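Below is one structure; the comments refer to it alone.
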Amino acid sequence: MTASEPLYDRIRQRYLEHNVPWDHALPPPEVLAFAEAHQPGRMLDLGCGYGRADLYLANHGWRCDGVDFVPEAVQGAQARAVAAGLSGRVRFFHADIVALDFLKGTYDLVLDVGCLHSQPQAVCERYAEQVRRLTRPGGVFLLFAHLGDDQAPDQRRWITQPVLEGLFADGFTLERHELGTTTVGEDTWPSGWFWLRRSADGL
Numbered sequence: 000m001t002a003s004e005p006l007y008d009r010i011r012q013r014y015l016e017h018n019v020p021w022d023h024a025l026p027p028p029e030v031l032a033f034a035e036a037h038q039p040g041r042m043l044d045l046g047c048g049y050g051r052a053d054l055y056l057a058n059h060g061w062r063c064d065g066v067d068f069v070p071e072a073v074q075g076a077q078a079r080a081v082a083a084g085l086s087g088r089v090r091f092f093h094a095d096i097v098a099l100d101f102l103k104g105t106y107d108l109v110l111d112v113g114c115l116h117s118q119p120q121a122v123c124e125r126y127a128e129q130v131r132r133l134t135r136p137g138g139v140f141l142l143f144a145h146l147g148d149d150q151a152p153d154q155r156r157w158i159t160q161p162v163l164e165g166l167f168a169d170g171f172t173l174e175r176h177e178l179g180t181t182t183v184g185e186d187t188w189p190s191g192w193f194w195l196r197r198s199a200d201g202l
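Numbers 0 to 202, taken from numbering that gives the first Met the number 0, label the letters of the sequence shown in order.
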């Protein structure tokens, strides 16, 4: 896959080993709160994994598309949609996050729970272009990311907050962010949720 071959190999191996620590029954509380506060619309989930957010929102009236670069993740998500009787409301695609020209129209909500933060800078820039194209004017890009420090780009593991905000300075307004930490196994990182509103004029 073009996003990052080492990243693809590492993440796919987790699915092959059924070692997927982010596979929870429900999406994060921030997604639940968004669904409760907004009328159902059209949602795109970038790095959807097994589709927990898509299935939850589809069950609450949304029409959802999920994209992941790991084929086993997409296959698992599709199987879960069928089992839940939601295959008519949700679609899953095996694709790279920077090769989304097959997606047409715009979305009321574009969601990323942990996909962007580990991508190389060049991929991040192409990713941001796709998010701008696919988020409807007035729509929301809801992003969760692990946050890195100010090391050189080739030395840090996660995206920094200034880089992240700079990627979406054109065409979005940062309405809100919440900073904290995230623990996976024995590792803990700074992290944050970001609510970005697409400019109403689409520019």
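No residue lacks a Cβ here, since even glycine has one placed at the ideal position from N, Cα and C.
As the structure is a computational prediction, the values presented were derived from the model and not from experiment.
Distance between residue j and residue i (C-alpha atoms, nearest Å)
| i | j | result |
| --- | --- | --- |
| H116 | L56 | 23 Å |
| V122 | V130 | 12 Å |
| R13 | V19 | 6 Å |
| A151 | P161 | At A151, the pLDDT of 49 sits below 50, so the modelled position is not reliable and the matter cannot be decided from this model. |
| A204 | W157 | This structure leaves residue 204 out entirely; the chain is present only between 0 and 202. |
| L15 | A199 | 42 Å |
| G40 | L133 | 14 Å |
| T181 | R88 | 31 Å |
| T172 | P119 | 23 Å |
| G170 | R197 | 6 Å |
| F140 | L85 | 24 Å |
Residue i (DSSP reduced to helix, strand or coil)
| i | result |
| --- | --- |
| G147 | coil |
| S117 | helix |
| I10 | helix |
| G165 | helix |
| F101 | coil |
| R135 | strand |
| P26 | coil |
| E177 | strand |
| L15 | helix |
Minimum C-alpha distance to residue i - residue among the options
| i | options | result |
| --- | --- | --- |
| I96 | V109, P27 and L15 | V109 |
| D64 | E71, S190 and H93 | H93 |
| F91 | F33, Q74 and E174 | Q74 |
Residue i - partner residues in DSSP beta bridges
| i | result |
| --- | --- |
| H93 | D67 |
| P5 | Answer is none; P5 lacks a bridge partner. |
| F171 | R197 |
Residue i and residue j closer than 8 Å at C-beta
| i | j | result |
| --- | --- | --- |
| D22 | G50 | no |
| L99 | A80 | no |
| D111 | L142 | yes |
| M42 | Y126 | no |
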